[in-house]
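Under the working numbering, the sequence shown has 119 at position 115, and the numbering climbs by one with no breaks.
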Amino acid sequence: MFSGLVQDLGRVEAVELGPDGARIRVGTKLASEIALGDSIAVNGCCLTATTVDDGGFTADAMKQTLDLTSLGGLEAGTPVNLELALRADQRLGGHIVQGHVDGTAEVIGLEGDGFSLRLRISLPEALARYVIPQGSITIEGVSLTVADCAEDWAEVALIPETQERTNLGNLELGTTVNLECDVVAKYVERMVSPYVRGSASHTDR
């Protein structure tokens, strides 16, 4: 489990593509804290460290992961948001993030006001119901608060600290980003949906 608070802006050093996926080498100052087999969120996608040395780590990503997340666009030199899995004694400073990407979105708006940067992304239809104003959303592994939203878009405000310490400060219009919606909303929907459907059926009769 993660919190959505990025610990380092690492950099992709190499991507070895194969028929079934890719081996991704990432350089990071967090290397001394990583052990073989550790879970690491890379742009919000939970990967397993398969090799570790003083300069970074290597992780494997399946073809499905490459196809369904922004990791498919990684290349040498790409900056990536990194977060190590939470320990039980750590504060949950952001919100509960699983590292299970729900889908991708496109950056459709970037507007600065001299302080913060207003980021607008498209919302896939299947995810829109989990996004509410002042709710939590994870974009590229960063825990953010939804400032505004509609059926097909959502906006967040990026403070200077977020712009400097994550790759969100480098986004451009048209960039694809990973999304993970609040897991609490998904569980609530799952639990109440049988009763909602039952109520609707009863009303229809």
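Virtual Cβ for every residue (Gly too), placed ideally from N, Cα, C.
Rounded separation between C49 and N171 - CA only: As a working mapping, residue 49 is identified with position 45 in the sequence shown. As a working mapping, residue 171 is identified with position 167 in the sequence shown. C-alpha separation (whole angstroms): 14 Å.
Contact set for A65: own chain, Cβ-Cβ below 7 Å, skip 5 residues either direction: Taking the first residue of the sequence shown as position 1, residue 65 is located at position 61. Excluding sequence neighbours, A65 sits near G25, A26, I28, L51 and L75.
Exposure label - F119; buried when at least 16 CB within 10 Å: Within the sequence shown, residue 119 is the residue found at index 115, counting from 1. So F119 counts as exposed.
Per DSSP, cross-strand counterpart(s) of G60: For the purposes of this step, residue 60 is taken as the residue at position 56 of the sequence shown. Paired residue(s): G31 and D57.
Residues bridged to P83 (per DSSP): What you label residue 83 is simply residue 79 of the sequence shown in a count that begins at 1. Per DSSP, R15.
Beta-carbon proximity check, F61 vs I38, cutoff 9 Å: The count along the sequence shown starts at 1 and reaches residue 61 at position 57. The count along the sequence shown starts at 1 and reaches residue 38 at position 34. Against a cut-off of 9 Å, the Cβ pair of I38 and F61 comes out as a contact.
Beta-carbon gap between R124 and V135 smaller than 9 Å: Here residue 124 is taken as the residue at index 120 of the sequence shown, counted from 1. Here residue 135 is taken as the residue at index 131 of the sequence shown, counted from 1. Against a cut-off of 9 Å, the Cβ pair of V135 and R124 comes out as no contact.
Nearest-angstrom Cβ-Cβ length linking E17 and V30, presumed shorter than 8 Å: Start at 1 with the first residue of the sequence shown, and residue 17 comes out as number 13. Start at 1 with the first residue of the sequence shown, and residue 30 comes out as number 26. About 7 Å; that satisfies the 8 Å criterion.
Strand pairing of E159, partner residues [DSSP]: For the purposes of this step, residue 159 is taken as the residue at position 155 of the sequence shown. BP columns for E159 point to R124 and D152.
Beta-carbon proximity list for C185, same chain, < 7 Å, skipping 5 on both sides: Residue 185 sits at position 181 when you count from the first residue of the sequence shown. Taken in chain order, the residues that qualify are D106, L131, Y134, V135 and I141.
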